[in-house]
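>
Number of protein chains: 2
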Amino acid sequence: MTHSVQRVTLITLGVTDLDRAREFYGRWGWRAHPASQPGVVFYQMRGAVLALFGRDDLAADQGRDPADLGTGAVTLAQNCTDDTQTDKVFQAALDAGATCLKRPEKVFWGGYSGYFADPEGHVWEIATNPFWPLADDGSLTLPDARD
Amino acid sequence: MTHSVQRVTLITLGVTDLDRAREFYGRWGWRAHPASQPGVVFYQMRGAVLALFGRDDLAADQGRDPADLGTGAVTLAQNCTDDTQTDKVFQAALDAGATCLKRPEKVFWGGYSGYFADPEGHVWEIATNPFWPLADDGSLTLPDARD
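So the sequence lines, in the order shown, correspond to chains A and B.
The opening position of the first sequence corresponds to residue 1 in our numbering, with each subsequent residue numbered one higher.
The opening position of the second sequence corresponds to residue 148 in our numbering, with each subsequent residue numbered one higher.
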């Protein structure tokens, strides 16, 4: 687990027009995963996931003003195996000098998630998602929609 | 190769203060790869790489004004196996509605690279890097610095 922190398992692009964004990625050749929902689109990558998510929703998730997200709003997410690990990884980032945006808490979709900004304003989400179990190597594969 | 386009192999965070950023990631527990250089820091992830790179250098690379990068400047990169594939993937994105920032061209570090923005302004780099061969599964592992 030496490198357990050294991981990005979810990249979220905050978008103003979800339909337009989804159409673009579809035309470029990306296939949306069946786990996608009306307000969020997921793409399975190799051991990680790319997501499209409404910019206003993304800002609300982080407890920030949408204008603060700037151009090309992006979050880097690190999914953890349990809430204890999420707290530990989150606290380690604060101890390292990160700015807390929202402490990890139980969230409406059934997970446990917090946000911080690194010293340059790059936003990380540290989360436990009980519906998205991690592989032993820390990689993330979206579960089959039929499960 | 059905999913060959569905890949992020390099995430680049544009930073104003590279020392400050590197110190933060080091304190958080990330170990810089020996391939890192004075102007750029690489972190090996699982089949992909996170990079810290000067914001002005990142803007220059894309042929843009640093102010245009906005808060939390980030690029998503997709490394390809050869220049032909890079051209193909790049053109497919333009055909899908991307805005060309810089057509793929031979670049100073020995590779072949282009940048485009998706309809939301998220910036992608499509590149061939002869010094960073991809695995058969499209994943990227930084070569041993002693090679």
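Heads up, the beta-carbon is just placed ideally off N, CA and C, and yes, glycines get one too.
1. To the nearest angstrom, how far is it from the Cα of B:Asn226 to the Cα of B:Ala240?
2. Does the separation of the CB atoms of A:Ala21 and B:Pro266 fall below 8 Å?
3. Of all Cβ atoms in chain A, is any one closer than 8 Å to the Cβ of B:Met148?
4. Helix, strand or coil, according to DSSP, for B:Gly261 in the structure here?
5. Going along chain B, which residues have a C-beta under 8 Å from A:Ile11?
6. Run the CB neighbour count on B:Ala282, radius 10 Å, all protein chains shown included, and call it buried at 16 or more, exposed below.
7. List the residues of chain A that B:Gly285 touches, going by C-beta distances under 8 Å, in chain order.
8. Tell me, please, whether the CB atom of B:Tyr190 is closer than 8 Å to any CB atom in chain A?
9. What is the DSSP secondary structure of A:Pro66, counted as helix, strand or coil?
10. Name, going along the chain, the residues of the segment 108 to 127 of chain A whose beta-carbon falls closer than 9 Å to a beta-carbon of chain B.
11. Between which two residues does the beta strand (DSSP E) carrying A:Ala51 extend?
12. Going by CA-CA distance only, name the one from B:Phe278, B:Ser260, B:Arg250, B:Val236 that's closest to A:Arg27.
13. Residues bridged to A:Val123 by DSSP?
14. Just confirm the distance between the C-beta atoms of A:Leu140 and A:Phe116, as a whole number of angstroms; I'd bet it's less than 8 Å.
15. Is the separation between the beta-carbon of B:Gly257 and that of B:Phe278 shorter than 8 Å?
16. Ignore the nearest five residues each way along the sequence and tell me which others in A:Asp65's own chain have a CB closer than 7 Å to its CB.
17. So which residues on chain B does A:Val15 lean against when the C-beta distance must stay under 7 Å?
18. Step through the CB atoms of chain A and report whether any lies within less than 8 Å of the CB of B:Leu197.
19. Taking its Cβ as the centre, do 16 or more other Cβ atoms sit within 10 Å of B:Ala195, making it buried, or is it exposed?
20. Checking contacts by CB at 8 Å: is B:Lys235 closer than that to chain A?
21. To the nearest angstrom, report how far apart A:Val40 and A:Arg7 are at their CA atoms.
22. Go through its chain and collect everything with a Cβ distance to B:Thr228's Cβ below 7 Å, but skip five positions before and after it.
23. So with CB distances below 8 Å, who are the chain A contacts of B:Phe200?
24. By how many angstroms is the C-alpha of A:Gly29 removed from the C-alpha of B:Ile273?
25. With a Cβ-Cβ cutoff of 8 Å, do B:Gly161 and B:Phe200 count as a contact?
26. In this structure, how does DSSP classify A:Pro142 when only helix, strand and coil are distinguished?
27. Using beta carbons (cut-off 8 Å, strictly below), is B:Ala206 in contact with chain A?
28. Rank B:Lys253, B:Asp204, B:Glu170, B:Ile158 by C-alpha distance to the C-alpha of B:Met192 and give the top, closest one.
29. When the cut-off is 8 Å and only beta carbons count, does A:Gly63 lie next to chain B?
On the basis of the supplied data:
1. 14 Å
2. yes
3. Residue placement at B:Met148 cannot be trusted, given a pLDDT of 39 that sits under 50; what the coordinates show is reported in the next sentence. Not closer than 8 Å to any Cβ of chain A, the Cβ of B:Met148 fails to qualify, so no.
4. Here DSSP, grouped into helix, strand and coil, assigns B:Gly261 to strand.
5. Near A:Ile11 (Cβ distances below 8 Å), the residues of chain B are Val155, Ile158, Leu223.
6. exposed
7. Arg46
8. yes
9. helix
10. Residues of the segment 108 to 127 of chain A with a Cβ closer than 9 Å to any Cβ of chain B, in chain order: Ala117, Asp118, Pro119, Glu120, Gly121, His122, Val123.
11. 49 to 54
12. B:Val236
13. Per DSSP, A:Thr75, A:Ala117.
14. The Cβ separation is near 20 Å, so there is no contact.
15. yes
16. Ala59
17. The answer, in chain order, is Glu267.
18. yes
19. buried
20. no
21. 22 Å
22. Within the same chain, Cβ atoms closer than 7 Å to the Cβ of B:Thr228 are found at Leu281, the five residues on either side in sequence being excluded.
23. The contacting residues do not exist; B:Phe200 stays about 11 Å from chain A at best.
24. 15 Å
25. The answer is yes: Cβ separation under 8 Å.
26. Checking the sequence shown, residue 142 of chain A turns out to be Leu, not Pro. Three-state result, A:Leu142: coil.
27. no
28. B:Ile158
29. no
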